[in-house]
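Residues in the sequence shown are numbered from 1 upward in steps of one, following UniProt numbering. Ideal Cβ placement from N, Cα and C applies to all residues, glycine included. Accompanying notes for the structure given below.
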Amino acid sequence: MNVPSSALAAKRQPGTDSPLRADLRRRYAMTSGSTLRRVLTCARAPGVHAVLVLRFGQWSRRRPKLLRLLFDPIYMILDFFIQALWGIEIPRSAKVGPGLYIGHYGGITVSSIAVIGRDCNLSQNITIGVSGAGKKRGAPTIGDNVYIAPGARVVGKISIGHNVKIGANAVIHKDLPDNAIAVLDPGFKIISYAGNRPANEGEEEPDA
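Written out as structure tokens, the structure is:
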């Protein structure tokens, strides 16, 4: 199984950014405009709020037990508000590599035992969840630089390689190799050629 070292490493390498700094740096880089505009846009982004709470929760778990008595309740309250206000559920027990980017909020659910690599993009209305039973029960291990489009579902004890793109509304329940692009097939079908017109448009009026 592909396990991204960036997500599993207990300690980051000396001289590298902290996960939170990498998250914020990547969000800032993907925002356009002047410096002030970019800072304000980042500050009000639900995805930034979510990663701030996530990283705070992960940080607080590493504190001594006495300090956790103070920090853990704060994390739980903040995490509740992130879920209630923005619909983003990423437990601090999930292993998430640096550079996480959440472009839009709403309907984002990540399992507490999921593993997500470095520089990954999560879209709205996605699930990275648990599936299976017995020894086959588990959550996905996702590599570095993976994009998950809106509405996608990635479930089960599977491995998603590096540089993978998962299309909108795709349901992924098997391993994907590096550099794969997985989409829902077929994406759509034409069921009518009536167009976006009123039902009686173009019909002749009946004689009086």
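Counting only runs of at least 3 residues, the segment 28-113 fully encloses the following beta strand (DSSP E) elements, listed from N- to C-terminal order: 108-110.
Judged by DSSP in its simplified three-state form, residue 184 adopts coil rather than helix or strand.
At least 8 Å separates the beta-carbon of residue 167 from that of residue 180.
When the beta-carbon positions are compared, residue 124 and residue 150 come within less than 8 Å of each other. Residue 130: not part of any beta strand (DSSP E); DSSP gives it neither H nor E. Pairwise C-beta distances place the segment 94-113 in contact with the segment 19-26, as three or more of them are shorter than 8 Å. Taking C-beta atoms under 8 Å as the contact rule, residue 110 and residue 128 qualify, at a distance of about 5 Å. Your pair residue 92 and residue 57 checks out as a contact, with CB atoms roughly 3 Å apart and the cut at 8 Å. Residue 152 places its beta carbon less than 8 Å from that of residue 169. Counting other Cβ atoms within 10 Å of its Cβ, residue 27 reaches 16 or more and is therefore classed as buried. According to the DSSP assignment, residue 197 belongs to no beta strand (DSSP E), since it is labelled neither H nor E. Taking C-beta atoms under 8 Å as the contact rule, residue 145 and residue 185 fail to qualify, at a distance of about 23 Å. Using a Cβ distance threshold of 8 Å, residue 148 and residue 155 do not count as a contacting pair. As the crow flies, the alpha-carbon of residue 159 is around 44 Å from that of residue 194.
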